[in-house]
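Shown next, in structure tokens, is the structure this report addresses.
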Amino acid sequence: MKIETKCLHEGYHPKNTEPRVVPIVQSTTYVYDSTNDIADVFNDPTKSLIYSRFENPTVMAVEEKIAALEGGVAAMATSSGQAASLCSILNLCSAGDSFISTGTIYGGTVNLFAVTLKKLGIECIFVDADASEEEIQKAFKPNTKAVFGETLANPALSVLDIEKFAKLAHQNNVPLIVDNTFPTPILCRPIEHGADIVVHSTSKYMDGHAVQVGGVIIDSGNFDWTNGKFPEFTEPDESYHGTVYTKDYGKLAYIVKARMQLMRDFGCYPSANSAFLLNLGLETLAVRMKQYCENAMKVAEYLEASDKVVSVNYPGLKSNKYYDLAKKYMPDGCSGVITFTIKGGKENAVKFMDSLNLASNVVHVADIRTCVLHPASSTHRQLTDEQLKAAGIDGGMIRFSCGLENIDDIIEDIAQALEKI
Ligand code: PLP
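Residues 3 to 423 (my numbering) are what the sequence shown spells out, left to right.
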């Protein structure tokens, strides 16, 4: 199946007289004929269902669909993108371990890695995504357990050289985890470029309609957990009747371990209702992504030609420093998110934002409706002008998330707002 077809048909295969659309199984629990049947399921949780804190048929249909879209062997959904990033690391690192992450990633993930995981005794070493292989190599330590990066960073829009990071990770016997939220598997499939694990905030394009907060972790099944660095995969798990994940589950080891250790204990699993809504978004993902890219390219070109704009950051533009990497990893387009800087700093940016009629001012991004955010007044509000500069955020910078309205209406809205400054 081609990817457009997978969006519609993967994950749910109804049999004779069953519902055409994946049903919402609104049940916390499942019935067994005998105590022995329950014991069997506990012995091998992949055989049937135990409890909706970590598995549910509606959610699992979506997990299977997303695994197929990314080209992985299995997936585990989470109740947010943050939970997906957290579990992707905790499945590999314990107190005393470290991992490497590129610095240009979503601010919430920076806080999770630099502050919260630090409190749990896990060290994150940040590296510049554009650094040389030699420089990145210096960040590896004997206790390094993973490398993390964002395909298309929010909001920096830098493009990750996935093959470079996969090569370095593998030379050091650890997996590469890639947050692929902005491109989605329609525009980039990191596993095809050597990534081992992919995470998403499904709250963004995958859902697309701003109706559910969610996340997902997908495993490629390609990483060799028996290389000596990951004893939790190869030694009996006393918390789960002595299971040895690599021996008992083979290529499914990473996801079964995440489900039976982390999801069982944390319970950050999505509801069946949320998964149902996410599935509706996924069904049209391929069509939507193409249109987001087309609209964003036109907006980026329009803004670049405006004398009221200092600079436009969109990797699809030839002038962009990531243009070549974008062409390699996202040949069909770079999603709908653009950042640009208005002449006249914060005052003019605010005036522009407040003059928009069609685009709404929201903290969200990657929605079906065009939306904007002024980082200096919102997500980075607490920073002084100097701190903003150090964080690479100009007071005049705006994050513009192109929706699926007619492009003429989007550009007309931008034009009239630029006129006001
Ligand atoms: N990863 C990226 C790239 C994001 O942009 C976000 C949120 O904006 C997250 C992860 C966190 O996702 P969520 O808001 O679903 O927890």
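All C-beta atoms, glycine included, are put in the ideal place defined by N, C-alpha and C.
When C-beta atoms of the stretch 322-339 are compared with those of the stretch 184-195, three or more pairs fall below 8 Å, so the two segments count as touching. At least one heavy atom of the ligand PLP falls within 7 Å of the beta-carbon of E152. A Cβ-Cβ separation of about 6 Å places D198 in contact with N224 under the 8 Å criterion. In this model, L360 and K422 are separated by some 15 Å (Cα to Cα).
When the five nearest sequence neighbours on each side are left out, the beta carbons in the same chain lying within less than 7 Å of the beta carbon of T372 are those of L360, A361, S403, C404, G405, E407 and I412, in order along the chain. A straight line joining the alpha-carbon of N175 with that of L122 spans about 23 Å. Comparing alpha-carbon positions, the option among I107, A133, Q139 and I91 lying closest to T153 turns out to be I107. The C-alpha of G252 is placed about 32 Å away from the C-alpha of V23.
Counting the other CB atoms within 10 Å of its CB gives T31 a total below 16, which places it among the exposed residues. Under the 8 Å Cβ criterion, the stretch 99-118 does not count as touching the stretch 283-300, having fewer than three qualifying pairs. With a cut-off of 7 Å, the C-beta of D209 is classified as distant from the ligand PLP, since no heavy atom of the ligand falls inside that distance. Contact between E72 and V201 does not hold, since the beta-carbon distance rounds to 10 Å and is not under 8 Å. Counting every other CB atom within 10 Å of its CB across the protein chains shown gives H11 a total below 16, marking it as exposed.
Counting along the chain, G283 sits inside the alpha helix (DSSP H) bounded by residues A274 to E285.
With 16 or more neighbouring CB atoms inside 10 Å of its own CB, P185 falls in the buried class.
Per DSSP, the unbroken beta strand (DSSP E) holding V201 starts and ends at I199 to S203. Cβ neighbours of A85 within its own chain (closer than 6 Å, five residues either side excluded): G217 and C270. For E125, the secondary structure class from DSSP, reduced to helix, strand or coil, is strand. Following the DSSP letters along the chain, one finds D39 inside the alpha helix (DSSP H) bounded by residues T37 to N45. Residue environment for M3: exposed (fewer than 16 other C-beta atoms within 10 angstroms of its C-beta). In this chain, the beta strand (DSSP E) harbouring V218 covers G217 to D221.
When the alpha-carbon of S222 is set against those of S380, M399 and E66, the nearest one is in E66. Judged by DSSP secondary structure, F402 falls within the beta strand (DSSP E) whose first and last residues are M399 to S403. Of all alpha-carbon atoms in R383, G397, S380 and N322, the one lying nearest the alpha-carbon of L159 is that of N322. According to the DSSP assignment, M62 belongs to no beta strand (DSSP E) but to the alpha helix (DSSP H) extending over P59 to E72. Counting along the chain, V258 sits inside the alpha helix (DSSP H) bounded by residues A255 to K259.
Exposed is the label assigned to V33, since fewer than 16 other Cβ atoms lie within 10 Å of its Cβ.
Residue state for V289 is assigned as helix, using DSSP reduced to three classes.
With a threshold of 16 other beta carbon atoms within 10 Å, N38 falls short and is exposed. The stretch 311-361 is shown to contain whole beta strand (DSSP E) runs of 3 or more residues at 311-315 and 339-344, in chain order.
The DSSP-derived three-state label of F167 is helix. According to DSSP, residue pairing for I423 in a beta bridge does not occur.
In chain order, A69, D221, L254 and I257 place their CB closer than 6 Å to the CB of A76, counting only its own chain and leaving out the 5 sequence neighbours on each side.
M299 carries a helical assignment under DSSP once its states are collapsed to helix, strand and coil.
Looking at the DSSP output, D239 bridges to T245.
If you check the C-beta of T118 against the ligand PLP, you find no heavy atom less than 7 Å away.
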